[in-house]
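In mature numbering (1 follows the signal peptide of the UniProt record, and there is no 0), the protein residues as written are -28 to -1, 1 to 283. C-beta atoms are modelled at their ideal positions from N, C-alpha and C, and glycine is treated no differently. All of these numbers come straight from a predicted model, not from anything done at the bench.
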C-alpha cells in the first residue's frame, strides 16, 4: 500500500506537472502574433495567408473590412489549442493579397477555394465571420460538400430575413480607420459594462502585433460595395438555402443576441428547416461573439467538430 505521505507527494508532483504543461499566460496570443505571412500564387494573383497550430485544417473567411490582423489572437490560438490548423487569409486585392478586389461573395468564395486547392487541404473544415460566413456557405456548395464541418460566426442565412440589420452599422462601418469606440459599437454591446471591457481587451490583443501587419481595407471603397443602408435579403441565394436544407454536413452558427449587422433571429426563424444546424447564442453580445468570449468560442467549436460528423 502507498503511504499517506507518499500519496501526498505523488499528488503534488501530478499537480505541478499539470501546471507546467499548461500554456503560460500570453503564450497563446504570442503564437498568433508571431505567425509569419506566407503567400500562395494562384491564377495570376498572390494570396496572403497565415497558419497557426496543427491538426484538422480550419479555413476562416474574414469579415467586412477584415484582414489577417483583425482576428483576435486569443480566438485563433484557442482554436489551435483545440487541435486545429487554423488558416486565415486576405481576400484578393485586400490586405497583403494582390489581384482585383471585390466584395462579391462569389469572388470571395473563389479565393477560398483556390487557397484550399493550392494548399492541398484534405478533411478540412470551413468557417467564416459576417460576410465571410456567407462566403463559407458558398464554399460548401462549390466544393461539393467536401468540407467536414461548417463554422459560421455572426453571419446571415440566405434568403428573406425576419429581422434586418440596423442603420447604426452602416453609419459606423463607413468611418475610416479602426478605433476602440467604433470596434465596440459594431462588435460588442456598448450598453453592457462587461461587453465594453471585453471589447477593450480584444482590441488591445488585436493591436499588439506591430510588425508584418496587413494594411487596412479602405472604408470608402468598402461601404460602396455593400451600400449604406440595410438590405433584405443580404444574401439572395435561394439555391444555397436549398443546399442547407439537405446537406449532411454539420453546421454551427455562433452569434450574439444583439447583432446590429446580421441578427441571430434570422437563424432561429429556420428552426426545423435546416437538419444539421446547431445554434449557440451569447447574451449581451454584438457582432463579434468569438472576440468577446474567445476561449469559450474556441472550446465550443472544438467540441462541435470533435463530436459531430456527416449523417
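Identify which residue in 173, 7, 138 has its Cα closest to the Cα of residue 200.
If you number the chain shown from 1, residue 200 lands on position 228. Among 173, 7, 138, the Cα nearest to that of residue 200 is on 138.
*With 16 other Cβ atoms within 10 Å as the buried cut-off, status of residue 105*: In the chain shown, counting from the first residue as 1, residue 105 sits at position 133. Residue 105 should be labelled buried.
Do the CB positions of residue 231 and residue 254 come within less than 8 Å of each other?
If you number the chain shown from 1, residue 231 lands on position 259. If you number the chain shown from 1, residue 254 lands on position 282. Going by C-beta atoms, residue 231 is not nearer than 8 Å to residue 254.
Between the Cα of residue 142 and those of 198, 43, 170, 224, spot the shortest distance and give me the residue it belongs to.
On the chain shown, position 170 is the one that residue 142 refers to. The option with the nearest alpha carbon to residue 142 is 198.
(message) The alpha helix (DSSP H) that contains residue 278, what's its start and end?
(response) One-based indexing of the chain shown puts residue 278 at position 306. Run containing residue 278: 266 to 279, per the alpha helix (DSSP H) assignment.
- prompt: Under the DSSP definition of a beta bridge, which residues are partnered with residue 21?
  reply: Mapped onto the chain shown, residue 21 falls at position 49. Bridge partners of residue 21: 10, 61.
ask   = Is the segment 213 to 222 touching the segment 173 to 190 in the sense that three or more CB pairs, one from each, lie closer than 8 Å?
value = no
Original post:
In this structure, does DSSP put residue 254 in helix, strand or coil?
Top reply: As a position in the chain shown, residue 254 is number 282, starting the count at 1. Three-state DSSP puts residue 254 in a strand.
*Leaving aside the five residues before and after residue 302 along the sequence, list all residues of the same chain whose C-beta is less than 6 Å from its C-beta, in chain order.*
No answer is possible for residue 302: it lies beyond the span of the chain, which begins at -28 and ends at 283.
Q.
Please classify residue 161 as buried or exposed, where buried requires at least 16 neighbouring CB atoms within 10 angstroms.
A. Here residue 161 is taken as the residue at index 189 of the chain shown, counted from 1. By the neighbour-count rule (16 or more Cβ atoms within 10 Å), residue 161 is buried.
Original post:
Is residue 313 near residue 23, with beta carbons less than 8 Å apart?
Top reply: Residue numbering for the chain in the displayed model covers -28 to 283; residue 313 lies beyond these limits and cannot be assessed.
task = Could you give the DSSP three-state label for residue 225: helix, strand or coil?
result = Taking the first residue of the chain shown as position 1, residue 225 is located at position 253. Strand, per DSSP.
From which residue to which residue does the beta strand (DSSP E) around residue 30 run? For the purposes of this step, residue 30 is taken as residue 58 along the chain shown, with counting starting at 1. Going by DSSP, residue 30 is part of the beta strand (DSSP E) stretching over 28 to 33.
Does the contact criterion of 3 or more C-beta pairs under 8 Å hold for the segment 36 to 43 versus the segment 161 to 175? As far as the Cβ criterion goes, the segment 36 to 43 does not touch the segment 161 to 175, which means the pair count is below three.
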